[in-house]
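To keep things clear, I will list the structure first and then write my remarks on it.
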Amino acid sequence: LEFKFDGKKLVHSSNLALPSSNRGKESYCCRGQDHNNTFLEVYQGQTCFTSWREVEERARVCQWSEWTRSTCTAIGVNVMRFCLVQSSCVIKEYYSTKGCSEERVDHCQTNPNKCA
Numbered sequence: 001l002e003f004k005f006d007g008k009k010l011v012h013s014s015n016l017a018l019p020s021s022n023r024g025k026e027s028y029c030c031r032g033q034d035h036n037n038t039f040l041e042v043y044q045g046q047t048c049f050t051s052w053r054e055v056e057e058r059a060r061v062c063q064w065s066e067w068t069r070s071t072c073t074a075i076g077v078n079v080m081r082f083c084l085v086q087s088s089c090v091i092k093e094y095y096s097t098k099g100c101s102e103e104r105v106d107h108c109q110t111n112p113n114k115c116a
């Protein structure tokens with residue numbers, strides 16, 4: 001998946017590391033049970049956020065796209081939606097399912113990298 005702003009590719013979240021609540025910097029955060037154990041990533045063209053807490057705050061008021069499901073594979077389905085922020089950043093919220101079912105994989109339960 002590729003996002004562009006003014007003809008330039010937005011930085012993929014794996015290259016974007018924001019300070020996390022537990023330690024160091026991470027390329028994602030986990031929203032926890034209040035948000036059905038989903039993850040957030042950010043794609044930036046210009047700096048929109050300096051912490052995962054800021055991303056979480058913005059995600060609460062986002063105008064989200066519809067949920068989109070990837071093709072089913074042996075490891076499951078990725079389900080995701082997107083929110084445009086300040087016309088230069090995109091927040092991606094996503095989760096995985098067990099196999100081709102609707103049952104979510106609860107990765108957040110043991111993940112220390114919480115969004116807020």
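Just so we're aligned, residue 1 is where the sequence shown starts under our numbering, counting upward by one.
For glycine and all other residues, C-beta sits at the position ideal for the given N, C-alpha and C.
So which of the options has the shortest CA-CA distance to residue i?
i    : options            : result
Y94  : S87, F49, S65, Q44 : S65
E103 : V61, V90, N37, Y43 : N37
S88  : N113, D106, G45    : G45
W67  : F82, T73, R60, V61 : F82
Y43  : Q33, D34, H35, K92 : K92
Please classify residue i: is it buried, with 16 or more other beta-carbons within 10 angstroms of its beta-carbon, or exposed?
i    : result
E41  : buried
S96  : buried
S14  : Note that S14 has pLDDT 46, beneath the 50 cutoff, so the model's placement of it is unreliable and no number is given.
C108 : buried
K98  : exposed
K25  : exposed
R69  : exposed
Taking DSSP as the reference, what is the three-state secondary structure of residue i?
i   : result
V61 : coil
E93 : strand
S14 : Its pLDDT being 46, under 50, S14 is placed unreliably by the model, and the measurement read from it follows with that caveat. It is helical.
Q46 : coil
E66 : coil
On the premise that residue j lies in contact with residue i, defined as a C-beta separation below 8 Å, what is that separation, rounded to the nearest angstrom?
i    : j    : result
L118 : F39  : In the structure displayed, the chain extends from 1 to 116; residue 118 sits before or after that span and is not available.
R58  : V85  : 6 Å
C100 : C62  : That belief does not hold up - the Cβ atoms of C100 and C62 are roughly 28 Å apart, past 8 Å.
R60  : C115 : Not confirmed; about 10 Å, so no contact.
The stretch 74-82 / the stretch 54-61 touching (three or more Cβ pairs under 8 Å): no
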